[in-house]
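Numbering (the numbering used here), first residue to last: 29 to 879. Everything on this sheet refers to the single structure shown next.
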RNA sequence: GCCCGGGUGGCGGAACAGGCAGACGCGCCGGUCUCAAAAACCGGUGGCCGAAAGGCCGUGCGGGUUCGAUCCCCGCCCCGGGCACCA
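Below, the structure written as structure tokens:
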């Protein structure tokens, strides 16, 4: 701001016309490499990142919002003197490319790269300040080869597994899905088809090995929204309890050597176990019932369960079905024989697929017991339950049913529980610990923790993805591709329009075993695209490295990401997978931190008339059209002004026009001030304007720091309004033109992160500076100058505002009170009454309590 | 059912820490300029009563704490999201 404005400006006052300069500056900035990230050990760094976009081609308002937020943050930090990394790239593998290819008879690569070009052009047109040299595209072999390398490293660490189990099959995408990718009422996250269950052999990453750490470390993320952390914690679903071993009896009812282990969170209720359940898919079901009189009824339950899976879960609870297997197991705490049933409400996927049923304490067991007439002996009774009078201190079982209409799972007194009778029962109770310790001492049980989180199924039966680098050898079994043989290149000559995948491509899958040299077959599944997006932010730190995944020193400089911005829809999916990858990278020595994203901002959706914009609804507002009419700056400012970033935003054309007018007013003010002759200095109004200038700079700074871009912009509007009022009302011979110029420059600097093109045009062409506004330091402010010398106090009498008085800012409370009492209206309300209390809030208000 | 958010003028939203509710913008109304309109600029704009001064009411509903509650507590209603037979 100390530069001498150049006097040979040719541009005289002209109206705001964004089209005359926006693209000009975009070209200049790129030529000047204004936004290149530079590792500077002498400066603090900020890594600002928005979520990896899928190259769908057209940009939509959601993109505009996501990337505008990130751009303001990146530009602001640059002006604050940080070394900033703000990269972009494309999550370029995935199914839509295949679908589009089939539809338009083109290759997925053609479609994808074409879309990337179009989208990059749109991003450039929006003026987003990326370091384009760091662009990564996940379908480039230079990128995905490192994804294969990661697979091999995970393999070495025992984090890769191939196993057969019931998996989610999406009939729409014709591939399997990970659990996280089945959302809502059992539908595919991408195409919303109802997902089916299939028994298949698939590849997994063992994310469950990190379940505890993924849960615990949520507490190290104060910069994440609680909502996201809660969702992840629920997804991981840790429960504490015990494993209990039940001895299996043979068909004749005699004990055998065999045991079945169950997981329970309530070992204190073991004395209330009146039956035992197996999941329909449990392998023992067949063993127990084959050839017996029970087989038919049991088979009916098994069949019914296999029909209902996945689909019938959609609404409410499924009907509980069960059948007795004819077998018994022995309850280790009391030696009692308990009948084994099969029921559809027991899940094979959770715990051991077997459950001890305690109907008095578990609602599902209660319902089942009532339906099939099984006993419900009470064992944990609430302190105010009338039953307690009868059962308190009774160790033997004297009661096998309860007068209840539902199970009781709260805390209470243990009854009918042998040696444990009288202890406190309930979740995390002394009774639970005592029973578990007793079992552990006999080797019939132990403390245990269970998670809802399942291993991550990463194989996909699709073409357009990263090939899994494994070879199936008939002699050696599963053999990983040697590191030296990477990359396994995705062949381009697959005829996708015929629906071919790698499994239809003998030139790809016919190979030799790297171990024995014999004929072998390549794995033809590709990896889940979420594996690509789980580490791209590492690659940005060293995007062009051809000899290693990245230089760890560069990662140490830039990572972790200081501010991550993206949609809430990835609360579990991408954000959980990325946390997992980061922890494994740390254990591999590639990173010295445990969490990739220090601060997370989840932005809201952009809607139209309360509905999500979609082509099928025909309510899409195209960003390109708005840019063509109002310019990129107006669109950026509008979308940041209309709502706080984490809330949904409803599109309003009038709102955008209002912002365009605001930018026009700002433009006019700065151009008028820039052109006026220097004149007199100072009058009463100048002091107020100067104060407003300092107040607003402070306010805008605070607001950006807490992502309140809407109120930051409001404050700028306030300053502009004040500046315009002054400009209009102050007499020309006393108007402080130096101050006006300072205000004009301040406003230009403050708006620069939001409206970068206009700010640059004003700064360089109108205000006459040589260097870019985006290289200027952020304006400073003096809180003392922002302070008014007079402060207005509201005066309340019995809680109602009865007057306002102005007093000097440094007045003591006695002075303030006296001024308040002196106010005419206040005096009226105080007249003839007794003041019992006076409260003075400095700088704000005086409150009289009267009787 | 459980767990998170949220409910403020005609609309989007503001009030950061219990202290003047409605900043800023949109819309609307009135005015200036114009032959006229648009644009631009200026002024007004929570509701009710009142000529005005002023008064009363008002942040989903009902209670409570407090000199004072959009904010804290208790009990509800509605909207959005997540999870949902997880033993």
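We put the beta carbon where it would ideally sit given N, CA and C, even for glycine.
Restricting attention to beta strand (DSSP E) runs no shorter than 3 residues, the segment 103–173 encloses them at 111–113, ordered along the chain. Residues of the same chain with a CB within less than 8 angstroms of the CB of residue 289, apart from the 5 flanking positions on each side, are 271, 272, 273, 274, 380, 382 in chain order. Distance check between residue 167 and each of 523, 161, 176, 160 places 176 closest, using alpha-carbon atoms only. Between the alpha carbons of residue 698 and residue 664 lies a gap of roughly 20 angstroms. With contacts defined by Cβ atoms closer than 8 angstroms, residue 492 and residue 179 do not form a contacting pair. Boundaries of the alpha helix (DSSP H) around residue 664: 651–669.
Here residue 589 has 75, 77, 565, 624, 625, 626 as same chain residues with Cβ atoms under 7 angstroms from its own Cβ, once five neighbours each way along the sequence are excluded.
Residue nearest to residue 738 within the set 687, 669, 790 is 669 (criterion: CA-CA distance).
For residue 232 against residue 189, the beta-carbon gap comes to about 5 angstroms, under 8 angstroms, which counts as contact. With fewer than 16 other Cβ atoms from the protein chains shown falling within 10 Å of its own Cβ, residue 426 counts as exposed. Within the segment 192–220, the runs of beta strand (DSSP E) that reach at least 3 residues and sit entirely inside it are, in chain order, 203–205. Residue 132 counts as exposed, since fewer than 16 other beta carbons sit within 10 angstroms of its beta carbon. The criterion of a C-beta distance shorter than 8 angstroms is not satisfied by residue 259 and residue 679. Here DSSP, grouped into helix, strand and coil, assigns residue 277 to strand. Residue environment for residue 112: buried (at least 16 other C-beta atoms within 10 angstroms of its C-beta).
Here residue 248 is exposed: its Cβ has fewer than 16 other Cβ atoms, across all protein chains shown, within 10 Å. Between residue 780 and residue 103, the gap from beta carbon to beta carbon is short of 8 angstroms. Per the coordinates, the alpha-carbon of residue 690 lies some 13 angstroms from the alpha-carbon of residue 776.
Remark: three or more beta-carbon pairs, one from each stretch, lie closer than 8 angstroms, so the segment 394–408 and the segment 421–438 are flagged as touching.
Residue 568 has its alpha-carbon roughly 11 angstroms from the corresponding atom of residue 158. Residue 629 sits close to residue 97, with the two beta carbons spaced by under 8 angstroms.
In this structure residue 828 is exposed. Its beta-carbon is surrounded by fewer than 16 other beta-carbon atoms within 10 angstroms. DSSP places residue 257 in the helix class (H, G or I) of the three-state scheme. For residue 501, the enclosing beta strand (DSSP E) stretches over residues 498–501. Within 10 angstroms of the beta-carbon of residue 413 lie 16 or more other beta-carbons, which makes it buried.
For residue 226, the enclosing beta strand (DSSP E) has its first and last residue at 224–233. Look at residue 428 here: in three-state DSSP terms it is coil, with no helix or strand label.
The straight-line gap separating the alpha-carbon atoms of residue 214 and residue 223 is approximately 6 angstroms.
Per DSSP, reduced to three states, the secondary structure at residue 364 is coil, with no helix or strand assignment.
Annotation for residue 143: 83, 84, 85 place their beta carbon closer than 7 angstroms to its own, counting only its chain and skipping 5 residues before and after.
As a beta-bridge residue in DSSP terms, residue 873 pairs with 822, 869. A contact is defined here as three or more CB-CB pairs under 8 angstroms, and the segment 494–502 meets this definition with respect to the segment 544–563.
The closest CA to that of residue 243, considering only 257, 186, 253, is found on 257. Boundaries of the beta strand (DSSP E) harbouring residue 353: 350–358, taken from the DSSP string.
In the three-state scheme derived from DSSP, where H, G and I count as helix and E and B as strand, residue 446 is classed as helix. Here residue 69 is not bridged, per DSSP, to any residue.
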